[in-house]
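Structure record follows, encoded as structure tokens.
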Amino acid sequence: MRAALDEVVARRVNAGAAVPAFTCYGAGTALAVVGAAESLRLPVILLVAPSSAAAGGGPRLISTLRHIADDARVPVCVQLDHAKDEALIRQGIEAGADAVLADGSHLSPEDNAAFVRRVRASADVVVEAELGSVPGAEDRAAVQETDLAGKTDPATVGAFLDASGAQLLACGVGNVHGRYRGTPRIDWPLLARIRQEAGAVPLVLHGASGIPAADLRAAAAAGVGKVNVNTELRTAMLAAAEENLGRCRAAGEDMLSLTGAVTAAAEAVVREVLTTLAGAAAVPT
Ligand SMILES: [Zn+2]
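If you read the sequence shown in UniProt numbering, its first letter stands for residue 1, the second for the next number, and so on.
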């Protein structure tokens with residue numbers, strides 16, 4: 001069912017929980033994500049990578065996810081992720097995205113805020129901003145040094161939120177996109193500072209793949225309201241495809257069985273993340 005992303009996240013934050021967001025490169029992944037969320041009766045977010053949105057079938061992928069989200073028995077949002085280009089944002093919103101990460105993290109804080117402000121003024125969607133930058137590539141996993149992570153300067157947060165009007169804030173607290181070298185080290189004092197500076201604006205943690213479940217739970221308890229997951233889902237789906245390919249080929253090119261195995265692998269990851277982030281009160285919303 002349709003629901004405003006900022007309201008869905010705010011409700012879960014009040015329950016000490018966070019809403020996970022999963023990158024969907026196709027409708028099959030979205031069906032798996034929504035199926036898992038329905039089985040646990042919890043809200044979820046479908047993410048579209050900017051690479052997918054900009055590809056030939058991008059608008060159709062987004063409108064397909066819109067349909068899947070609206071048809072779901074739980075609140076499901078469709079968010080265009082890491083969008084740096086205003087034309088792509090317009091196209092994504094027209095296709096059915098109800099939220100966007102207007103990513104100006106590569107700009108100065110002033111230009112970043114102005115960019116986010118323009119996106120907010122141009123459309124009636126929920127707008128997330130990113131301050132500081134989360135290193136690593138979105139679509140391909142490469143090992144990242146967490147020490148090099150572009151952490152958010154808490155002193156800039158209040159002014160940035162005032163100037164930008166962002167409704168959610170992605171921050172760098174030692175998190176990276178892709179894979180972590182060694183154990184990820186979340187900077188908890190920094191997260192607490194940013195939480196304080198951000199007031200009522202929920203924080204977003206990108207690059208959750210590889211962060212231990214206990215740390216994800218702690219992040220939710222520390223006021224992170226949304227957690228983005230991509231690599232972990234790709235890893236599970238590719239492993240399931242590899243494991244089942246020979247069997248399905250031998251069984252008369254059994255495509256149904258192959259997609260079933262990949263879907264089941266995705267659902268298992270989604271259920272695990274949803275459960276981890278469900279907080280103390282895993283009540284249906
Ligand atoms: Zn991200």
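Just so it is clear, CB atoms sit at the ideal spot from N, CA and C, and this is done for glycine as well.
By how many angstroms is the C-alpha of residue j removed from the C-alpha of residue i?
i           : j    : result
D153        : G35  : 38 Å
P184        : E86  : 33 Å
L205        : G174 : 10 Å
S122        : I211 : 35 Å
A281        : A30  : For A281, the predicted structure reports a pLDDT of 47, less than 50, and the residue's modelled location is therefore unreliable. The matter cannot be settled from this model.
C171        : A266 : 26 Å
L274        : L42  : 8 Å
A114        : A163 : 7 Å
V201        : V100 : 15 Å
V33         : E243 : 21 Å
G279        : G246 : 40 Å
V19         : L277 : 7 Å
L256        : A241 : 12 Å
Q79         : C248 : 34 Å
G225        : R118 : 24 Å
G104        : A214 : 30 Å
A192        : A222 : 7 Å
G252        : V76  : 36 Å
A218        : H106 : 28 Å
M1          : N14  : 21 Å
residue 293 : S63  : Residue 293 lies beyond the range of the chain shown here (1 to 285); nothing can be said about it.
G182        : G136 : 15 Å
A54         : A220 : 32 Å
N112        : L169 : 12 Å
A10         : G260 : 34 Å
P50         : G132 : 19 Å
I89         : L258 : 34 Å
R120        : A21  : 21 Å
E130        : H67  : 28 Å
L3          : W188 : The amino acid at residue 3 is misidentified as Leu; the sequence shows Ala. Between A3 and W188, the C-alpha separation is close to 31 Å.
V127        : A37  : 23 Å
D81         : G58  : 13 Å
L65         : I186 : 32 Å
I194        : A83  : 23 Å
D254        : Y25  : 22 Å
H177        : L216 : 15 Å
T285        : G199 : Here the model assigns T285 a pLDDT of 44, short of 50, so the residue's position is not dependable and the matter cannot be decided.
A69         : Q91  : 18 Å
Rank the options by C-alpha distance to the C-alpha of residue i and give the top, closest one.
i           : options                : result
A95         : V262, S164, G56        : G56
L233        : D85, R66, R140         : R140
E272        : E253, A208, K84, C248  : A208
T23         : E110, S52, N14         : S52
N230        : R217, L47, W188, T64   : L47
A239        : E253, G165, A268, A250 : A268
I45         : L191, N228, S39        : N228
E197        : T156, A213, K151       : T156
L61         : D71, A83, S39, G28     : G28
L5          : A236, L190, Q167, V224 : Q167
V270        : A54, S39, R12          : S39
G150        : E138, V134, L161, R117 : V134
A236        : L216, R90, M1, T263    : T263
E138        : F160, V116, R179, D111 : R179
S108        : D124, D98, A159        : A159
V125        : N112, D81, D98         : D98
G165        : A49, G132, A102        : A102
residue 311 : Q91, L203, I93         : One cannot answer for residue 311 here, as it falls past the ends of the chain, which runs 1 to 285.
V116        : Q91, R12, L161         : L161
V74         : V8, I93, Q91, G92      : V8
Using DSSP's beta-bridge definition, name the partner residues of residue i.
i    : result
N228 : A21
V48  : L80
R41  : R41 is not bridged to any residue.
S101 : Going by the sequence as given, residue 101 is Leu instead of Ser. Paired residue(s): E128.
L203 : L169, V224
Enumerated in chain order, which unbroken segments of the alpha helix (DSSP H) with a length of 4 residues or greater are wholly contained in the stretch 107 to 171?
109 to 122, 157 to 164
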